[in-house]
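**Student:** Dropping a structure here in structure tokens format, bear with me for questions.
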Amino acid sequence: MSYSGERDNFAPHMALVPMVIEQTSRGERSFDIYSRLLKERVIFSDWPG
Numbered sequence: 001m002s003y004s005g006e007r008d009n010f011a012p013h014m015a016l017v018p019m020v021i022e023q024t025s026r027g028e029r030s031f032d033i034y035s036r037l038l039k040e041r042v043i044f045s046d047w048p049g
């Protein structure tokens, strides 16, 4: 695959996802931020009003 200098069609699929590192007595573990929020049962609700 060659680079033509134009915007790549794959760019939207290459978005960065923030990671969280959890330190426990057993070591370190990394989660993507969405999995971590789900584990902590954090829910965001945005209602117009």
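First residue of the sequence shown? That's 1 in full-length UniProt numbering, and the numbers climb one at a time after it. Cβ coordinates follow ideal geometry from the N, Cα and C atoms, glycine included.
Please report the residue range of the beta strand (DSSP E) in which S35 lies.
**Tutor:** No beta strand (DSSP E) contains S35, which is instead part of the alpha helix (DSSP H) from I33 to K39.
**Student:** In the DSSP output, which residue or residues are listed as bridge partners for V20?
**Tutor:** DSSP lists F31 as partners of V20.
**Student:** Determine the closest residue to L16 out of Y34, G27, E22 and P48, with distance taken between C-alpha atoms.
**Tutor:** Checked all of Y34, G27, E22 and P48; the closest Cα to L16 is Y34.
**Student:** Excluding sequence positions up to five away, which residues of its chain have a Cβ less than 8 Å from the Cβ of S30?
**Tutor:** Correct list, in chain order: M19, V20, I21 and E22.
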